[in-house]
Structure formats: structure tokens, C-alpha cells
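Heads up: the structure comes next, in C-alpha cells.
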Amino acid sequence: MVHYYLSCKVSRENVLTAELRNAQRAVVAVRQALAVLSRGAPQLFNDPGLQPALGALGAGTGEAERALVSLSGALECRMARAYFVTAARAACDGGLQALSIQLLAAIVAGLLFTAIVLVDSHAWIYINTKRSVSGEEQAPFLSTGSAGSRTLPRPAPFPNGKPPSYSAAVQLMDLSDRDRDRERPR
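So for the sequence shown, this note's numbering puts the first residue at 4; every next one is plus one.
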């Protein structure tokens, strides 16, 4: 069916057209049966609600015939293909425009991120070169006032380049405490 609507070849018949013909035949059969019923029913049944019911049934049959005529026009290949082409062009044009804007935004975000990283790294290098070279580093999270101008000692490098485990660190702390206790004069 998709191939039929995309190619619009007259040699092939649309599957929906056969179903449409069946529906039109059914509506014609209902119209004929309604005509026979409308002639004979008032003579056989003496009901005042019969004529409005037959009129409503005739009106519904007329609506069905009009709907089938408009449906046959909508099922025409050229009309459906024109709608498809219009929708495809709109989707492609809008899609390409949105994709272009998205790519442009990604490039701008990448450039801004690169600029932020460069500015931050150069600022960090500048701050580190302005610090005193005495081997102590000021903690950046402390305030710069007189009470907060404490410095933190740099840790001594580890002998094998790796930090000790927790238990080894506790043992080293105990040893350093004992060494300090021995060195203090009593």
C-alpha cells in the first residue's frame, strides 16, 4: 500500500479502493431495502414513531454515501501523495534547521567550556606562582584575615611513592609521638 501511494502507478489497484467499493455496494443495498421498507411498513404497522425512525435511517444512509464519496477522493493517489510530499518537505526543512541550530549550540558550548578551562588553569598557575616558596601552602578555604592566616604544612613525600595503609599510618603516628616524648627535656 505504501508503494502504491509513493509511486502512483495506475497499473496497480489500491487495496483500500476494493474495500471502498464493497462499502458503497452495502450502502446502496441499505438504500434499496429502506425504499422497500418505507413503502410497505406504514401499511402494515400503524405506529406514529415509524416515519421519524425511517426518516432518520434515510438521513444516516445519505450521510454514509457522502462520507464514502469524500473518502474516495481522499484515497486518490495523487491527493495523498501531495499531502505526503508537503509533510516530508516540512519535516526535512524544519528538521535540518533544528539540527543546524543544535550543532551550532554544541560548538558554542564547547568553545565556552574550553575558554573556562583555559582561564581557570591559568588563574590556578598564577595563584600558585604568587604563593610563598617557603614550602608551606595556604589553605584556599581559610579566610585571609589575621585569625584565618594559618598555613598548613605540606606532607612529607612517601619513601616508595605510595601512601601507607591506614594501619601503617597509625603505627607511624605512634612512633612519631614516642620520638617526641623522648626528645622533650624533663
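All C-beta atoms, glycine included, are put in the ideal place defined by N, C-alpha and C. Note that the structure is a prediction, hence the values are computed from the model and not measured.
Out of Asp184, Ser41, Met4, which has the shortest C-alpha to C-alpha gap to Leu60? By one-based count along the sequence shown, residue 60 stands at place 57. Closest option to Leu60, Cα to Cα, is Ser41.
Sort Pro55, Val122, Ala93, Val72 by Cα distance to Val31 and report the nearest one. Numbered from its first residue, the sequence shown carries residue 31 at position 28. When only C-alpha atoms are compared, the closest one is Val72.
Give a yes or no on whether the C-beta atoms belonging to Ala83 and Ala77 are separated by under 9 Å. If you number the sequence shown from 1, residue 83 lands on position 80. If you number the sequence shown from 1, residue 77 lands on position 74. Yes, these two residues count as a Cβ contact at 9 Å.
Using a Cβ-Cβ cutoff of less than 7 Å, which residues in the same chain neighbour Glu68 once the five nearest sequence positions on both sides are dropped? Here residue 68 corresponds to residue number 65 of the sequence shown, with the count starting at 1. So the list reads Val30, once near-sequence residues are dropped.
Between which two residues does the alpha helix (DSSP H) carrying Pro45 extend? The residue given as residue 45 occupies position 42 in the sequence shown. Per DSSP, Pro45 belongs to the alpha helix (DSSP H) from 18-47.
Could you check how far apart the C-beta atoms of Arg45 and Leu53 are, in whole angstroms? I think they sit under 8 Å. Here residue 45 refers to the residue found at position 42 when the sequence shown is read from its first residue. Here residue 53 refers to the residue found at position 50 when the sequence shown is read from its first residue. For clarity, residue 45 is Pro in the given sequence; the question names Arg instead. 7 Å between Cβ atoms; contact.
If you compare alpha carbons, which of Asp123, Ile130, Leu74 is closest to Glu22? Position 19 of the sequence shown, counting from 1, holds the residue named residue 22. Minimum Cα distance to Glu22 is reached at Leu74.
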